[in-house]
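Chains A and B supply the protein sequences, listed in that same order. Sequential numbering from 579 applies to the first sequence in our numbering. Sequential numbering from 849 applies to the second sequence in our numbering. Here the structure is laid out as structure tokens; the discussion comes afterwards.
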Amino acid sequence: MVNKIVGTVEEAVGAVPDGATVMISGFGGAGQPAELIDALIAQGAKDLTIVNNNAGNGEVGLAALLKARRVRKIVCSFPRQVDSQVFDGLYRAGQIELELVPQGNLAERIRAAGAGIGAFFTPTGYATQLAEGKETRIINGRGYVLEYPIHADFALVKADRGDRWGNLVYRKTARNFGPIMASAAKCTVVQVREIVELGQLDPEAVVTPGIFVHRVVQVAPVRPAVAAA
Amino acid sequence: MQRMNRDQMAARVARDIPEGAYVNLGIGLPTLVANHLPRDREIFLQSENGVLGMGPAPAPGEEDPDLINAGKQPVTLLTGGCYFHHADSFGMMRGGHLDFCVLGAFQVSAAGDLANWHTGEPDAIPAVGGAMDLAIGAKRVLVMMEHLTKQGGSKIVERCTYPLTGVACVNRIYTDLAVIDVTPDGLTVVDIVDGLSFEELVKLTGVPMMLAREVSLA
């Protein structure tokens, strides 16, 4: 019997080695797998390269991972926010490397990794600072930049419900990077609010098919269901 | 001169967005446009984090941390709206499926180059988000900004001095003083606030402009 469910978040992230590239789902706080990140902090892996849209908010989740000095480099589109003080401090002190990527290029590079694409030409960023040093081409009169996929060793993803085969559905805009990150990592670890029996997810509405998922762990919502609804 | 306030600017932009349009509103000033779209028009607001059919802010106490906009503020979903992942969301932009995007700007050049993501100052932490994708992706790129900087310099310039977001991508500029089209023949003024002459506008802007034929001067 195939069973991707693991009992604890500690077990779920136990194998992340030093120096790994780790994708973390979420757009700001929505879809960020905070409990998996906490487990990764406790686990101790360091020199990580993190791929996320942002660079942490406040002092929790991704920001706490940065604050614990486990991150060598971050690949993201929008690090600067009103509450990104942890990243801001590390960046200004030269203690973290930043690869800034336009958001659509970030998403497509992740998607490309999961889809086996070697590289692709995109018009986004053409003739800007963020394309400096990159190969370009004029196609049908329009300028394009060559971008390469972003592969990861691990993806930490938050979904709403999942089953023991790893099929997933998400909740509202918390979906964001989850489905594409799940496809782009060698090992995809998912925290879900609820584990359901096989067949309980509508097969017409499964968003991430289980082939992209390796471990599923249930994390009970911190807030009571009424407040989170 | 009757300089427009932020809400008047937003209302002016909203006037140009027709029924059935798929629209992305950027963070900041452009977000105000949503408040001025006529209720009898069905317009689809897209948010880069994966919503089509985005509705207004929820009532106090109804906020859902899983339902936010690009600015990470709580929003709602209209009946008929839907969610999708990030690669699909940016495919909508890059693939030319959005009819309009409305963006803020530091500078727009006479050729329609846009600078709105980075001041380039040494201490500034760069952040680009979806700005470059929107700039090159939407069928029509509308910019909404104050005409002048706080120091009185024009934000419409011959050539952008800030790092570019996109090249020759802006179609129309809405400022607190005028509405200006970027055309292959140059900047064309289509609207001016009451009490400001075309000549005065050109002088303030410092860039050659033409007057569209249908502009009625007050």
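Beta carbons are placed, not taken as given, at the ideal position from N, Cα and C, and that holds for glycine. Remember, predicted model here, so these are calculated numbers, not experimental data.
| Check | Outcome |
| --- | --- |
| Given that a residue counts as buried once 16 or more other Cβ atoms are within 10 Å of its Cβ, and exposed if not, what is A/Asn635? | buried |
| List the residues of chain C whose Cβ lies closer than 7 angstroms to the Cβ of B/Glu896, in chain order. | Here chain C cannot be found, since the structure's protein chains are A and B. |
| Taking its Cβ as the centre, do 16 or more other Cβ atoms sit within 10 Å of A/Lys736, making it buried, or is it exposed? | buried |
| What did DSSP end up calling A/Lys651 once you bin it into helix, strand or coil? | strand |
| Residues in its own chain within less than 6 angstroms of A/Phe605 by CB, not counting five upstream and five downstream? | Asn631, Asn754 |
| Using only the alpha-carbon positions, how far apart do B/Ala918 and A/Ile688 sit? | 20 angstroms |
| At a CB-CB cut-off below 9 angstroms, which residues of chain B make contact with A/Phe656? | Ala975, Val976, Gly977, Gly978 |
| Report the start-end ranges of each alpha helix (DSSP H) in the stretch 677-750 of chain A that is 4 residues or longer and not cut off at the edges. | 681-693 |
| Assuming contact is defined by CB atoms lying nearer than 8 angstroms, are B/Met849 and B/Leu1044 in contact in what I supplied? | yes |
| Pick from A/Arg749, A/Glu782, A/Thr706, A/Ala760: whose alpha carbon is nearest that of A/Asp738? | A/Arg749 |
| How long is the line joining the alpha carbons of A/Leu779 and A/Glu772, rounded to whole angstroms? | 11 angstroms |
| Is B/Tyr931 helix, strand or coil by DSSP? | strand |
| Kindly indicate which residue of B/Leu982, B/Ala1026, B/Val1055, B/Leu925 has the alpha-carbon position closest to the one of B/Glu1006. | B/Val1055 |
| Let me see if you follow: with CB-CB separation under 8 angstroms, is B/Arg942 close to chain A or not? | yes |
| Compute the Euclidean distance between the alpha carbons of B/Asp1020 and B/Val1027, then round it to the nearest angstrom. | According to the sequence displayed, residue 1020 of chain B carries Arg and not Asp. In a straight line, the C-alpha of B/Arg1020 is about 7 angstroms away from that of B/Val1027. |
| Measuring alpha carbon to alpha carbon, tell me which of A/Ile717, A/Ala685, A/Lys624 ends up nearest A/Val653. | A/Ala685 |
| Just verifying my parser: in three-state terms, what is the DSSP assignment at A/Ile789? | helix |
| Rounding to the nearest angstrom, what Cα-Cα distance links B/Leu982 and B/Ser895 in this structure? | 11 angstroms |
| Of all the CB atoms in chain A, is at least one closer than 8 angstroms to the CB of B/Tyr931? | yes |
| When DSSP labels each residue in this structure, what does B/Lys1051 get in the three-state scheme? | helix |
| Hey, A/Leu708 and B/Val871: beta-carbon distance below 8 angstroms or not? | no |
| When the cut-off is 8 angstroms and only beta carbons count, does A/Gln673 lie next to chain B? | no |
| If I measure Cβ to Cβ from A/Leu734 and keep anything under 6 angstroms in the same chain, skipping five residues before and after, which residues do I get? | Ile602, Pro611, Leu614, Val767 |
| Thinking just about the alpha-carbon of each residue, which of A/Glu782, A/Asp661, A/Gln769 is nearest to the one in A/Gly585? | A/Gln769 |
| Do you know offhand how far B/Ala882's Cα is from A/Gly721's? | 32 angstroms |
| On a CA-only basis, which of A/Gly719, A/Val660, A/Asp741, A/Phe699 is nearest A/Val794? Give me that one, please. | A/Asp741 |
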